[in-house]
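Numbering (this note's numbering), first residue to last: 51 to 549. Here's the structure we're looking at; comments come further down.
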Amino acid sequence: WQPAFEKAGFKNAIVAKDAPSEKEDPDWSAEDARNSTIRWLPSEIENAYGPHIADPRTGEILESDIGFFHNVMNLARNWYFVQVGNVDPRAKKLPLPDDLMGELLRYIAAHEVGHTLGFPHNWKSTSSYPVDSLRSASFTAANGNEASIMDYGRFNYVAQPGDNARLIPLVGPYDKFAVEWGYRPVLDAKTPDEERDALNKIAARQETEPYLRFGVSDPNDPTVQTEDMGADAVAATKYGLKNINAIAEMIVSATTKPGEDYTTLKEIYGQLLAQRSREFGHVANYIGGVVRTERIAGQAGVVHTPVLREKQKECMDFLHKEAFRTPSELLKPEILSLIEPTGTVDRVVQGHRQLLGILTNNDRMIRLINSHTLAKPGTKLYTLGEMLSDLRQGVWSELNAASVKTDIYRRNLQRTYIETFGNKLNPPPFTPPTGLPPGFSFPPPTPLAGEARALIRTELLDLDAMIARSISKAADRETKAHLQDSRDQISKILYPDKK
Numbered sequence: 051w052q053p054a055f056e057k058a059g060f061k062n063a064i065v066a067k068d069a070p071s072e073k074e075d076p077d078w079s080a081e082d083a084r085n086s087t088i089r090w091l092p093s094e095i096e097n098a099y100g101p102h103i104a105d106p107r108t109g110e111i112l113e114s115d116i117g118f119f120h121n122v123m124n125l126a127r128n129w130y131f132v133q134v135g136n137v138d139p140r141a142k143k144l145p146l147p148d149d150l151m152g153e154l155l156r157y158i159a160a161h162e163v164g165h166t167l168g169f170p171h172n173w174k175s176t177s178s179y180p181v182d183s184l185r186s187a188s189f190t191a192a193n194g195n196e197a198s199i200m201d202y203g204r205f206n207y208v209a210q211p212g213d214n215a216r217l218i219p220l221v222g223p224y225d226k227f228a229v230e231w232g233y234r235p236v237l238d239a240k241t242p243d244e245e246r247d248a249l250n251k252i253a254a255r256q257e258t259e260p261y262l263r264f265g266v267s268d269p270n271d272p273t274v275q276t277e278d279m280g281a282d283a284v285a286a287t288k289y290g291l292k293n294i295n296a297i298a299e300m301i302v303s304a305t306t307k308p309g310e311d312y313t314t315l316k317e318i319y320g321q322l323l324a325q326r327s328r329e330f331g332h333v334a335n336y337i338g339g340v341v342r343t344e345r346i347a348g349q350a351g352v353v354h355t356p357v358l359r360e361k362q363k364e365c366m367d368f369l370h371k372e373a374f375r376t377p378s379e380l381l382k383p384e385i386l387s388l389i390e391p392t393g394t395v396d397r398v399v400q401g402h403r404q405l406l407g408i409l410t411n412n413d414r415m416i417r418l419i420n421s422h423t424l425a426k427p428g429t430k431l432y433t434l435g436e437m438l439s440d441l442r443q444g445v446w447s448e449l450n451a452a453s454v455k456t457d458i459y460r461r462n463l464q465r466t467y468i469e470t471f472g473n474k475l476n477p478p479p480f481t482p483p484t485g486l487p488p489g490f491s492f493p494p495p496t497p498l499a500g501e502a503r504a505l506i507r508t509e510l511l512d513l514d515a516m517i518a519r520s521i522s523k524a525a526d527r528e529t530k531a532h533l534q535d536s537r538d539q540i541s542k543i544l545y546p547d548k549k
């Protein structure tokens, strides 16, 4: 953080020292409020934290005690390997070397120090960099792989072998901007109003400099996601999948040692599948997304803008092409035969269930229904009806073939599709989590909109007709049984009282 404070006019604003031994200073204590510390805590928790104590009268930050739980090293190792293990030659074999682990811990420390300085998470920063720039050695050396180290971008999974791009975040352009706004004194201001005017001029740079923009967590806005990378989720995920597939090729040799079991292989393989699902989730969240741009009265432009129809269609097409297909490149017997006798089918269907849940989330469907209220007259929108039709046509694309044949993964996807829509039309009773503290209530989920209910019912009717026309084309016994069972399940959903 020193360069950011130097730019704001402060030299040696932050000084780090080793804690003195008892012999060197018998009166020194980490509990002394005059000492801000970073402490290593013996714990299996995979996290770190950066609190601070502020003077409630002025907001002045007085002291902080950053905590590193021991197993944050495991978290950092897993993130780094499954995101960029194919890109950094040092990461091709576990455990990671000490110098690399040191860099990862330095990144985490810088993030937590940012919190102690008063900076919240800035989820907008990763979506401000063009994807191609993330493959540039010069760009990432100067700017890092996210505009703010206070984001959760993690590591640069867009970079490819040979790019020499930076992989680990830096204190970025937004962070330097935030230090300038929050810490640099306005020496020529004689009144609070004059100081406000000067600060507003600094803040106004966000209009023309996207790297300086800020965004809080917002489930409506796909540009403020966590664990994402770059301004184009589809392009970033294409690069991410290349790395994931390459890591799958080396995962056994990277995670095993003669004389040891396959525990690490199993853990890392699960993390690799989770990274794949996470990247597909970034794409899915653009469908029905509404981008929020922080503005105040007097500034030009609107606050809420629906994602362009063309972008939403591109995302849906990409999900059908990549996310909903059988990931044979990851379903390798040479991996699976070492880690589990069963469970692989469930791993895949769980990823599909998660994606279907994102796409058919009640709040997302409400946004699609309401998107016309935010768009300019004449704008062609991606409607809920079109989205649901595209989803059905993609998930059940085999029904259009002259001979219908599905594997177990596609059959499970299609079963999950019917199950998801069944739970929409006939939702199970809401049961709040158990063990909540006294006085704490858990709100029920957003109810299904009437428009969405009507369209989902129509989709199931259309699907039933498609299946009825296709049963005679089934190429094997399993596919035929699946199609017959699917019709039966649809009937039970649409006509639950029918005997």
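For each residue, glycine too, the CB sits at the ideal point set by N, CA and C. Quick caveat: nothing in here was measured; it's all calculated off a predicted structure.
- For Ser188 and Asp182, the gap between their C-alpha atoms comes out near 12 Å.
- Rounded to whole angstroms, the separation of the alpha carbons of Ala452 and Leu125 is 48 Å.
- Residue state for Phe490 is assigned as coil, using DSSP reduced to three classes.
- The distance from the Cβ of Phe118 to that of Trp90 is about 5 Å, consistent with a contact at the 8 Å cut-off.
- Membership of His354 in the beta strand (DSSP E) is indicated by the continuous run 354-356.
- DSSP places Thr87 in the strand class (E or B) of the three-state scheme.
- In the structure shown, Val65 adopts coil according to DSSP, grouped into three states.
- Within the same chain, Cβ atoms closer than 7 Å to the Cβ of Val137 are found at Ala209, Gln210, Pro211, Leu217, Asn293, the five residues on either side in sequence being excluded.
- For Gly117, DSSP records a beta bridge to Arg89, Tyr99.
- Contact check for Lys382 and Ala298: beta-carbon distance about 7 Å, within the 8 Å limit, so the pair qualifies.
- Residues of the same chain with a CB within less than 8 Å of the CB of Leu112, apart from the 5 flanking positions on each side, are Ala83, His102, Ile103, Ala104, Asp105 in chain order.
- Beta-bridge annotation (DSSP): Val399 is not paired with any residue.
- With a contact defined as Cβ atoms closer than 8 Å, Asn335 and Ile408 qualify at about 7 Å.
- Taking the C-beta atoms as reference points, Gly338 is found no nearer than 8 Å to Arg403.
- In this structure, the beta-carbon distance from Asn206 to Gly265 does not fall below 8 Å.
- Distances from the CA of Lys288 to each of Pro70, Glu364, Val454, Gly59 were compared; the closest alpha carbon is that of Glu364.
- By the criterion of a C-beta distance shorter than 8 Å, Val236 is surrounded in its chain by Glu244, Glu245, Ala248, Leu249, once the five residues flanking it on both sides are discounted.
- The Cβ atoms of Ser520 and Val454 sit closer than 8 Å to each other.
- Remark: fewer than three beta-carbon pairs, one from each stretch, lie closer than 8 Å, so the region 325-333 and the region 217-227 are not flagged as touching.
- Secondary structure at Val341: strand, using DSSP grouped into helix, strand and coil.
- In this structure Thr456 touches His532 by the C-beta definition: roughly 6 Å separates them, less than 8 Å.
- Non-local C-beta neighbours of Arg140 in its own chain, meaning closer than 6 Å and more than five positions away in sequence, comprise Pro147, Leu150, ordered along the chain.
- Beta-bridge partners assigned by DSSP to Ala524: Val454.
- The region 151-160 makes no contact with the region 226-240; the number of CB pairs closer than 8 Å stays below 3.
- Counting only runs of 4+ residues, the alpha helix (DSSP H) found wholly inside the region 299-341 occupies 313-334, in chain order.
- The beta carbon of Ala286 is closer than 6 Å to those of Val181, Val208, Met279, Gly280 in its chain, skipping five residues each way along the sequence.
- In the displayed model, Leu150 falls within a helix according to three-state DSSP.
- Here DSSP, grouped into helix, strand and coil, assigns Ile199 to coil.
- Under the three-state reduction of DSSP, Leu155 is assigned to helix.
- With distances taken between CA atoms, Asp68 lies nearest to Thr87 out of Pro272, Thr87, Gly59, Phe55.
- In the three-state reduction of the DSSP assignment, Ile346 falls in the coil class, being assigned neither a helical nor a strand state.
- Of all alpha-carbon atoms in Ser114, Ala499, Leu434, the one lying nearest the alpha-carbon of Gly168 is that of Ser114.
- Relative to the Cα of Ala254, the nearest Cα in the group Thr394, Met516, Gln349 belongs to Gln349.
- Residue pairing by DSSP places Ile111 opposite Ala104 in a beta bridge.
- Here DSSP, grouped into helix, strand and coil, assigns Gln275 to coil.
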